[in-house]
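Undergrad:
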Amino acid sequence: MSPPGSGLPLVIDTSAWIRHRQPGSLLHWEAATESDLLVSCPVAALEILRTARDESDFEVLDRTFAQLAQAPVTASVCGAALGASRELGARRRLPVSDYLIAAAAAERGFGVLHADKHFDLLATVLEFESVRLPE
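Written out as structure tokens, the structure is:
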């Protein structure tokens, strides 16, 4: 199977992580992994680390995400996230983490791998590829 999206690196959103082992998503996730397209963002990594069942699981997740390419949250990412919120106006009631993840991806020219309609909306005001995992 070809990797999801256009072949750009993809920042992993928490929604994609939660669903990555579901039958509809697994092949897409594996294709992205095999193509070395997966990228971490500290905001998503913090959310995903909360899912660790114990200290051992935390350490494995932490090492895994630290080894991936990174989309850091910089001052300009925060500015872009705020700008996106202003631009979305009344539609802006999205999780803060989604704004930051999308803006970090946009700053690097990456996409976002997700299973969350918020990123489709954010892609209308930030320049990144929104790649939704099938359910």
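So that you can map any letter, position 78 of the sequence shown is 96 in our numbering, and since no number is skipped, the others follow by simple counting. The beta-carbon is built from N, C-alpha and C at its ideal position, and this holds for glycine as well. All values derive from a computational prediction rather than experimental measurement.
1) With DSSP collapsed to three states, give me the class of His38.
2) Just to confirm the assignment, what range does the alpha helix (DSSP H) spanning Leu67 have?
3) Let me confirm a value: Leu56 is counted as buried when at least 16 other C-beta atoms fall within 10 Å, else exposed. Which label applies?
4) Suppose you measure from the CA of Cys59 to the CA of Ala50; what does that come to, to the nearest Å?
5) Does the separation of the CB atoms of Glu145 and Ala124 fall below 7 Å?
6) Taking all protein chains shown into account, decide if Ser148 is buried (16 or more other Cβ within 10 angstroms of its Cβ) or exposed.
TA: The answer reads as follows:
1) coil
2) Pro60 to Leu67
3) buried
4) 16 Å
5) yes
6) buried
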